[in-house]
Structure formats: structure tokens, C-alpha cells
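Peer 1:
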Amino acid sequence: MPTVSVNTHFPGYEIIGELGRSNARVLKARHLATGDLVAIKHFALNTDAETLRRFRLESQLMTDIRHPNVVRVREVQLDMPMPFIVMDWIEGGNLRSLLTEREYLDVPASIRLGQQMAEAFKAIHSRGIIHRDIKPENILFRVLPSEEIHFLLTDFGVARLREQTQTMTGQSLMTYEYASPEQFDNPRSVDVATDYYSLGVVLYESLSGRVPFAMTDSAGMATFMGQVLRTPPPDLQLPSGQYLPPSLNTLLDWMLVKNPAERLSDVTELVLLLGQANVEQLQASRPSDRRAPVSSRTMAAPVSATPISTLQTPRPVQVQPTYEDEPANSLTKWNLGLAALLVALLIGLAVIYTYRQKENKASSTILPDSTSMRTDSSTTSEVTEDTTSTSSDYPNESTNDWNETEDNSETTTEPVPATPTPVPDSSSAVEDTTRIPN
1 MPTVSVNTHF PGYEIIGELG RSNARVLKAR HLATGDLVAI KHFALNTDAE TLRRFRLESQ
61 LMTDIRHPNV VRVREVQLDM PMPFIVMDWI EGGNLRSLLT EREYLDVPAS IRLGQQMAEA
121 FKAIHSRGII HRDIKPENIL FRVLPSEEIH FLLTDFGVAR LREQTQTMTG QSLMTYEYAS
181 PEQFDNPRSV DVATDYYSLG VVLYESLSGR VPFAMTDSAG MATFMGQVLR TPPPDLQLPS
241 GQYLPPSLNT LLDWMLVKNP AERLSDVTEL VLLLGQANVE QLQASRPSDR RAPVSSRTMA
301 APVSATPIST LQTPRPVQVQ PTYEDEPANS LTKWNLGLAA LLVALLIGLA VIYTYRQKEN
361 KASSTILPDS TSMRTDSSTT SEVTEDTTST SSDYPNESTN DWNETEDNSE TTTEPVPATP
421 TPVPDSSSAV EDTTRIPN
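The UniProt record's numbering applies: residue 1 is where the sequence shown begins, and numbers increase by one.
(1) Can you say whether Asp154 is buried or exposed, counting buried as having 16 or more other CB atoms within 10 angstroms of its CB?
(2) DSSP on Tyr243, reduced to helix/strand/coil?
(3) Using the C-alpha atoms, what's the distance from Ser59 back to Thr250?
(4) What first and last residue would you give for the alpha helix (DSSP H) that runs through Phe151?
(5) Can you grab the Cα-Cα spacing for the pair Ile65 / Thr100, in whole Å?
(6) What's the gap between the Cα of Gly209 and the Cα of Leu273?
(7) Report all residues from its chain with a CB closer than 6 Å to the CB of Leu248; omit the five preceding and five following residues, and keep chain order.
(8) Need the endpoints of the alpha helix (DSSP H) that Leu78 sits in, please.
(9) Cutting at 7 Å between CB atoms, please list the residues of its own chain near Phe121, excluding the five before and the five after it.
(10) When you compare each of Arg72, Leu95, Arg54 and Pro108 to Ala284 by their alpha carbons, which one comes out closest?
(11) So, using beta-carbon positions, are Leu140 and Asn94 closer together than 8 Å?
(12) Whole angstroms is fine: what's the gap from Leu152's alpha carbon to Val71's?
(13) Measure the Cβ-Cβ separation of Glu110 and Leu207 and say whether it is below 8 Å.
(14) What residue range does the beta strand (DSSP E) around Leu236 cover?
(15) Identify, in the order they occur along the chain, each residue of the same chain with its Cβ nearer than 7 Å to the Cβ of Glu182, setting aside the five sequence neighbours on each side.
(16) Measuring only the C-alpha atoms, how far is Glu103 from Arg54?
(17) Just the C-alpha distance for Gly226 and Tyr176, rounded to the nearest angstrom, thanks.
(18) Is it the case that the Cβ atoms of Asp198 and Ile134 are separated by a distance below 8 Å?
(19) Which of the three DSSP states, helix, strand or coil, is assigned to Met117?
(20) Looking at the unbroken beta strand (DSSP E) that takes in Arg25, where does it start and where does it end?
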């Protein structure tokens, strides 16, 4: 655009060109002292004093806001013959031009738009400022190096100014399509809920390429107002078969409720549902099986409605060393060792039993001398002790005699009869253990 020479209406700025106009005119300019590019919005000469006073208060509040999703107001000059404000220059343009170029935004970009406008709402509503004129023309954007779109809210307080002078013709018709029902029915009751309704219309349009209710030449103002006040918005239809996250659909229904008392008007809930919609979108875009496409019905299944605000990053868990693989091996080794021990014991018992049987047969035919008796007695005693320890339920008199003989081998040389004696009852067994054989 050709450079416009400096004039007395905007001292300290060089006017580069015109960006647009509606009820106000927007100029691109350069600050003479710093060289910064800025946007200057100026108002008509016939602006009334009361409107300027209210706008001055809101503009002064806006100069204190430093937020990445709010266009910064640098300067306010309302005492000039042609009142104006100076804002940061945003090179991308506004959302209206983006929608004109693309027709609609995809679901991820629309979710980002909602999330960034929610951050802007935090900044302005916490200061008691109600925008009152949320529409694509008042949402600017820039493209980041990552190719993501960064959105910023602008034009604060102009809605009040426009209400004093706007007519039913020209560009002002576009404003009505984003106005809340209470702005038609009871303008004095307007609060922050009206900004949420208007943002709902913007999101609806960014997703579908059209507004819920459009002002047309064939439909008069009464028909249009009747739709805004009483008719539910049409079901949202996404172009190109895009997946609509259930939480996003729920959010838009809530934002477009007619009654402001029942409408979503809390930024925490707005952030919550947008975050949930983003999770659903990511899940739907990640196929569960690469070999077969996921049906739209499967992708449309909603995820858990657990609020994001309650979700917390789990604390790191200190994993104690476990031995889940080791017990099986250790148990197997233990069982094998025990089995081997039992087998060896059984073999030993069998050998001892066989040896004893042979000794018994030999003693029945050969009378041992005293020396061999002591040796055999000692050996037999050891065998008997092992056998007795495994057969405690059945006491044997001959076993007891052999034990006694071993204990008194130094005082007696008389051999013990080798022939087994009958097994006595338990009482006689006790008596025999205390009797010394003759």
C-alpha cells in the first residue's frame, strides 16, 4: 500500500495504509521514534461523550494486560478531535480472512482456537471486562514457525461504542449473527455469558463453515431474532467427513443455550471440555490396528468423562526388587535335592535291612565269641538306632536289648540271643528297657 503522509490527526505516527473499516477505521502505521509497526483504530468525529468515557475506562484497563492471546493496547488518545487507540501490529490478519480463504478450520485448529480464546477470557474477565463483540473480525492470528496458528483477541469495548451508532445495514449485520439472545432481548442484563455464546458461534462456524443462524435478504429481522431467541441451533455437520469429538459437540450445545443462567460461563469448564475434546481427537486419529481402518462408529465412542482438572501426574513409584522368576528355579532345585536325599536314605535303609537279615541268619548257626560280639553289638546297635528312629510307633524288645548290650559291653561278655523275640505290649516294653539282661 502507498505510504500516507503524516498528518496532525495521529501525531508521532506515519500512516502506511488502510486495513479496513466498519463503524471504525483501522490503519497500518509506523511509530516514528521506534520504527515499530502498529495498528491505529480511530472513531468517528460524532462519538458522544458518555460512550467515550466508558470506553476510556475499558481502554485503560486493557493497557495493563500483557497476555499472549490478547492484542496489546499501546496508547489511548480519546481527547483528540479524532479519538484513536494504538495496538500491536499482527501480521497474519483476522479470522474472517482465514475462513474466507479456507472456508473452515479442521478440528485440531478449531480446538486450539477455543483454548486460546479461553486464555484470553481469563485475562479480561478477571479484570471485570466484558468484550461484548466476539466475532471473526475481532480475532487476529499469526502463523508461528511451527506452522501452527496463534490467535489473539482484539477490539475491546467497541461493542458498547457500536451500540450507540450502528444501524441495520452494511457490516453491522455480521455482528448480529454473533450476538447472544440477551443482547436482543435485554441488553442491560449482558454479562460474561454473552462472550461465551458469541465464542460458541465462532467455533460453530470455524468447524462447519457457516453460522447457526444467518441473516438473509429473504428473512427479515423479526424472523432472524425469533431463531436466535427460540430455535435450537441446527446439528453441527462437519465437512469432509471429519471426526467430531463428543466433548466438543457437548461444549457447543452448552455454549449456545438460550438462557444465560443455564449457559456455560465458567472458563474452567471451557478449558476442561476443550482439553477432553483434544484427547478424543488424538485417540481417534491414532488407529488401533494399522492393518484395518477404524470405523467411524468406533472412533466416535467417548472417552471417560473424568475432569482434566482432577487428573494429576502420578508420582514416581519406587520399584522394590522382586524375585518372581527366582522362586520357581529355587523351588525346583530344592525339590530335586530333597528327592535325591530321600532316595539315598531309602537305599541306605534297604542295605542296612539286608545286612541285618544276613547277620541274624549267621548268628542263629554260629555262636560269636566275646570280641566279635562286642563288635557286632556295636554295629547292630547303630543300625537299630537308625531303624528305631524311623519306627517309633512299634517298639521292639530285641532292639532295646541290643541298645542295653552296647551300653554295658564293658561289664558283660554274655551274648544276646540272636533269635527275635515276640513284640511285647507297650507296658512290657517300658519295663524291658530298664532291665539288664542276665
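We put the beta carbon where it would ideally sit given N, CA and C, even for glycine.
Peer 2: Looking at the coordinates:
(1) In the sequence as displayed, the identity of residue 154 is Thr instead of Asp. It is buried - the Cβ of Thr154 has at least 16 other Cβ atoms within 10 Å.
(2) coil
(3) 35 Å
(4) No alpha helix (DSSP H) holds Phe151; the beta strand (DSSP E) holding it covers Ile149 to Leu153.
(5) 30 Å
(6) 22 Å
(7) Ala277
(8) Counting along the chain, Leu78 falls outside any alpha helix (DSSP H), and DSSP gives it neither H nor E.
(9) Asp195 and Val267
(10) Pro108
(11) yes
(12) 6 Å
(13) In the sequence on display, residue 110 carries Ser and not Glu. Taking 8 Å as the Cβ cut-off, Ser110 and Leu207 qualify as a contacting pair.
(14) It is not in any beta strand (DSSP E) - Leu236 carries neither H nor E in the DSSP assignment.
(15) Ser189, Val190, Thr194 and Pro260
(16) 36 Å
(17) 13 Å
(18) It is Ser, not Asp, that sits at residue 198 in the sequence shown. Taking 8 Å as the Cβ cut-off, Ser198 and Ile134 qualify as a contacting pair.
(19) helix
(20) Arg25 to His31
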